[in-house]
Structure formats: C-alpha cells, structure tokens
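J.:
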Amino acid sequence: MIKRILLLGLIGVTVHLFGQVISSELYIYPKGQEAYTGGEVQFYKDFHQILIDKKLKPCENKSEFYYLKVLVNENSTVNYVKEETDTEMETKNKCAHDLSLEVLEHMDRWNPVIVDGVKKKAVSSFFIFPDALFGNYKEAYVPEVYPASFESLPGGINKFREEVAKRIDLRGFEWKSAFKLVVIFVVERDGRINDIKLEQSSGIEEFDNRIIEGIKSVRKKWTPGKINGVPVRYRFRLPLNFGPPQ
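If you want it as structure tokens, here you go:
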C-alpha cells in the first residue's frame with residue numbers, strides 16, 4: 000500500500016551554520032508574509048546601500064548572479080542556507096556568492112514566519128545580480144525573473160504532465176485513496192532537465208524510482224528560466240496527482 004507522508008508548508012534543506020551542516024525540515028513563507036520588512040523592494044534597496052557604504056567591489060563578470068537562500072530564525076537573526084546542488088553555482092559565480100554572504104551580515108530587517116500565532120524558523124530566497132545592484136541600481140528594483148517553461152509541445156506544462164503520466168509504470172502497486180506527490184528538478188540553461196527527485200518520498204523506493212524514470216523518459220527540451228534576460232538554472236516543482244484506484 001502506498002502511504003502518503005504529508006508535511007504542509009515544509010521544505011527539506013541543509014543549513015550551514017557556524018561551520019556545521021544541519022539537515023532539517025523548515026517552513027516556507029506563505030502568501031501575505033514577507034521574510035524581509037518592506038518586501039523585495041526594500042531588500043534590494045538595502046543590499047545596494049550596503050554595497051556602497053562598505054565600498055565593496057563589483058564583479059568583473061557582469062553576468063554573474065547567485066540564488067541566495069536564507070534561514071530566518073524566531074529571533075529575526077538569519078543564517079545562510081546551502082544545498083548539495085549549489086556547489087556548481089558557487090564555483091561559477093564566486094564573486095556574486097561572496098558578495099551575497101558579505102552583505103547578508105549587515106541586513107537586519109528579517110521577520111520569522113508566523114504559524115498559528117507562533118514565530119517559526121523559515122526559509123526564503125533572493126536572486127542576487129550584482130551588476131544591477133552597484134552603479135546600475137534603479138529605485139524600486141526587483142529582478143525580472145522568468146520561470147522555466149515547457150513549450151516543446153502544444154499544451155505546455157499540462158502536456159508535459161500528460162507525457163509523464165503515460166510513461167510511469169504503476170503495475171504492481173495499489174493504493175486506497177487519491178494522493179499527490181511533488182517532483183523537483185532543475186531545468187538547465189540549455190533546456191535539459193537534471194537532478195530529478197521527489198520533494199517527499201511515497202515511502203516505497205521502487206515507486207519513487209518509477210516516477211523519476213518516467214520524467215527522464217520525456218526527451219523534449221524546456222525553455223530555460225531567465226533573470227534580467229540571462230538564462231539560468233531553474234528549479235521547477237511539478238505536482239503529480241494520483242487518482243483513486245479504478
């Protein structure tokens with residue numbers, strides 16, 4: 000029997016905290032709550048001002064960017080969050096990465112998430128594009144982020160989901176009620192998908208593997224995500240619904 004493990008509003012992350020690596024399941028911010036007072040506009044305004052006040056140097060490579068993830072604690076302090084898949088991004092965007100962490104030390108408008116009236120730790124993220132935050136900064140700046148999309152077949156993402164469903168071999172499995180699993184994968188800059196995994200396991204490794212193999216078998220390329228017009232690696236969440244048994 001397939002058992003559904005449900006952790007609403009939680010995400011698994013690896014936190015780098017004072018040299019220690021801590022794996023945990025943490026809240027993400029719901030609509031209506033901001034990790035940073037004043038939202039993204041104030042975050043990038045403060046980021047720009049810190050770059051200027053601390054006389055930090057721009058990156059030589061103007062196309063560098065970094066996807067900064069942070070853990071906001073109950074007391075409004077903040078820590079840097081790193082995941083296993085971040086290594087390549089750090090290596091290729093070292094200047095943007097280093098600037099992000101240096102500026103992060105001076106930002107102080109953080110808000111923990113509120114769950115049932117109680118402050119909780121939560122994860123938030125920001126696209127850091129240094130070239131847009133030094134001399135090219137404009138008032139009320141927020142990065143232009145275009146998510147990855149599937150346009151290789153008419154019908155877009157719904158067609159991709161249909162193609163995946165056709166390719167998942169569920170023979171030999173039974174379940175008593177409908178359930179949903181969320182697949183996470185990276186859309187590379189050239190449109191290939193990579194690093195496919197389930198946000199939460201179904202509880203049966205073979206079942207999980209068949210879902211992943213089904214997605215891998217769809218060979219059509221995606222349109223990569225872009226930030227300020229530059230193609231980037233984009234992490235995509237794909238919910239898959241499994242109906243009740245026939």
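For the sequence shown, position 228 matches number 227 in numbering that gives the first Met the number 0, and the numbering has no gaps at all. For each residue, glycine too, the CB sits at the ideal point set by N, CA and C. Only a predicted model underlies this, so the values are computations on that prediction, with no experimental measurement involved.
Note down, in chain order, each residue of its chain lying with its Cβ closer than 6 Å to the Cβ of tyrosine 28, except the 5 sequence neighbours on either side.
T.: Ala34, Val112, Ala121 and Ser123
J.: In three-state terms, what does DSSP make of proline 129?
T.: Reduced to three states, the DSSP call for proline 129 is helix.
J.: For valine 144, tell me which candidate among Lys165, Arg234, Lys119 and Cys58 has the shortest Cα-Cα distance.
T.: Arg234
J.: Considering only DSSP beta bridges, list what alanine 121 is partnered with.
T.: Alanine 121 pairs with Tyr26 and Val71.
J.: Going by DSSP, what residue range makes up the alpha helix (DSSP H) through valine 40?
T.: 38-52 is the extent of the alpha helix (DSSP H) around valine 40.
J.: Could you have a look at valine 213 and say whether DSSP puts it in helix, strand or coil?
T.: According to the sequence provided, residue 213 is glycine. The question's valine does not apply to it. DSSP places glycine 213 in helix when its eight states are reduced to three.
J.: Measure the Cβ-Cβ separation of lysine 220 and serine 151 and say whether it is below 8 Å.
T.: yes
J.: Can phenylalanine 64 and phenylalanine 126 be called in contact, C-beta distance under 8 Å?
T.: Yes. Within cutoff.
J.: In terms of alpha-carbon separation, which member of Val141, Val231, Asn135 and Glu104 lies closest to proline 246?
T.: The structure shown does not extend to residue 246, since the chain is modelled only from 0 through 245, so no value can be given for it.
J.: Are alanine 147 and proline 238 close, meaning C-beta to C-beta below 8 Å?
T.: no
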